[in-house]
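In what follows, a single structure is set out as structure tokens and then discussed.
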Amino acid sequence: MLKHSTVAILIVVSIVLSSCSSISTLSPEQSIDTIMSEYRSVNVPGASVLVMKNDTVVFKKAYGSANLDEQRSVTTSTNFRLASVTKEFTAMCIMLLVERGELSYDDRLEKFFPDFSAQGKFISVRQLLNHTSGLLDYESFVPDSQTVQVLDSDCLKILTNVDSLYFPSGTKYQYSNSGYALLALIVEKVSGKRFADFLNENIFDKIGMQTSVAYERGVSTVPNRAYGYSLSNGAWIQTDQSNTSAVLGDGGIYSNVEEMATWISALWNYKLVSPQTQQVAWSDAKLNDGTPIDYGMGWHIETYRGIRHPHHGGSTRGFRNHILVFPDQKLMVIILTNRNQGDPIIQAHAIADLYLNGK
């Protein structure tokens, strides 16, 4: 996932807005069209954008192509690979199990995986959620030449056999895909259900995300699917799946902007967990020594324009996405794209400014 400081975002957003001719005189709809101009041609991979304010969709629009070979345009119901935005859902699965009394945030890996490495067996569920586990990155053990896709269970095998950590758990923050792969397996262990089935029954079906799916090749299909692309020597090449794309817990969900709006609305209206549980997810976690970090449970936390709020992005082969949520202002901005170019985090903040500034 791409990382940006809030100061850098503010600087770039200011440049983006100032470079858009007379953007201050345009309507929000016209301004967003200008901000998203690089996606507007039918001959390039596209984007889908939705803005919700006070539980009312105030803007939704699609740009560009979902499949260049088929010349199929993106719509607001086109499903994109969410990549690391998936972590929001994996964290919610854990939160649901904790609220039901079936799991504790303080449970350790050894409870679920007795053969886990001596260095890692004392890592807690909480530390997996907030990226303070110190687990090594499973992707560093998967050679680029490997063509067989890695599964969540393969991540467990890799990590079980690596008896070292980046740092003692709880002492530092380091973003970890490994932790979220293990969280998906913990959901399966505790619930007795496949991770994809637990998602469907407890989140997607419950709140009406009818076409969202944790995609498993040969098991499930993605309706109205966008395919990912990368720019190579001036041409767009389809790069839809990598050798780690089948890992579900850290990045395997496909969804669209309309259903993602349903998701965020369910969160800030507390339709899945209690307000207390949701607020923990949207608040800074702490290291062992009490130092706060800019991550909660499945969400980055930042201060933007003086507002402390959650957000998350997803960047993988052929897809870049970003979700901004301002719970107190009841504002969300969702951008999903099917290309490895562009910077949705900057565009999302530029769009948020249109509504935070009272337009």
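Throughout, the numbering used here is defined as the position within the sequence shown, counted from one, plus 10. We put the CB at the ideal spot given by N, CA and C, even for glycine.
- Listed in chain order, the alpha helix (DSSP H) runs fully inside the region 63-108 amount to none, counting runs of at least 4 residues.
- Annotated as proximal: Trp292 and Trp309, with beta-carbon spacing under 7 Å.
- In this chain, the alpha helix (DSSP H) harbouring Leu119 covers 119-122.
- Assignment of beta strand (DSSP E) within the region 223-262, counting only whole runs of 3 or more residues, yields 239-242, 245-248 in chain order.
- The residue from Tyr176, Thr88, Lys97, Glu39 with its alpha-carbon nearest to that of His322 is Lys97.
- For Tyr365, the uninterrupted alpha helix (DSSP H) run begins and ends at 354-366, by DSSP.
- Exclusion of the five residues before and after Ala76 leaves Arg82, Val84, Thr88, Ala236 as the residues of its chain whose Cβ lies within less than 6 Å of its Cβ.
- Taking the C-beta atoms as reference points, Ile217 is found no nearer than 7 Å to Thr254.
- The residues Leu366, in chain order, have a CB closer than 7 Å to that of Arg315 in the same chain once the five nearest residues on each side in sequence are set aside.
- DSSP places Ala271 in the helix class (H, G or I) of the three-state scheme.
- In the DSSP secondary-structure assignment, Val54 is not bridged to any residue.
- Using a Cβ distance threshold of 7 Å, Gly262 and Tyr225 count as a contacting pair.
- Under the three-state reduction of DSSP, Ile217 is assigned to helix.
- The C-alpha of Gln339 is placed about 46 Å away from the C-alpha of Thr157.
- When the five nearest sequence neighbours on each side are left out, the beta carbons in the same chain lying within less than 7 Å of the beta carbon of Tyr176 are those of Gly144, Leu146, Gln184, in order along the chain.
- Residues Tyr49, Tyr73, Gly74, Ser75, Val84 of the same chain have their beta carbon placed closer than 6 Å to that of Gly56, with the five preceding and five following residues left out of the count.
- Exclusion of the five residues before and after Leu241 leaves Gln351 as the residues of its chain whose Cβ lies within less than 6 Å of its Cβ.
- Between Ile355 and Ile344, the C-beta gap is not smaller than 7 Å, which leaves the two residues out of contact.
- Cβ neighbours of Arg136 within its own chain (closer than 6 Å, five residues either side excluded): Tyr115.
- Within its own chain, the residues whose Cβ lies closer than 8 Å to the Cβ of Ser163, once the five positions on either side in sequence are excluded, are Leu195, listed in chain order.
- Taking each of Leu138, Gly238, Asn171 in turn and checking the Cα distance to Leu192, the smallest one comes out for Leu138.
- Leaving aside the five residues that flank Tyr190 on each side, the residues in its chain whose CB is nearer than 6 Å to its CB run, in chain order, Lys97, Thr100, Gly259, Asp260.
- Taking the Cα positions, Ser37 is about 14 Å away from Val61.
- Here Met270 has Ile344 as same chain residues with Cβ atoms under 6 Å from its own Cβ, once five neighbours each way along the sequence are excluded.
- Assignment of beta-bridge partners to Ile317 by DSSP yields Tyr314.
- The continuous beta strand (DSSP E) containing Phe336 extends over residues 329-336.
- Closest option to Gln129, judged by alpha-carbon separation, among Val172, Gly111, Leu166, Phe122: Val172.
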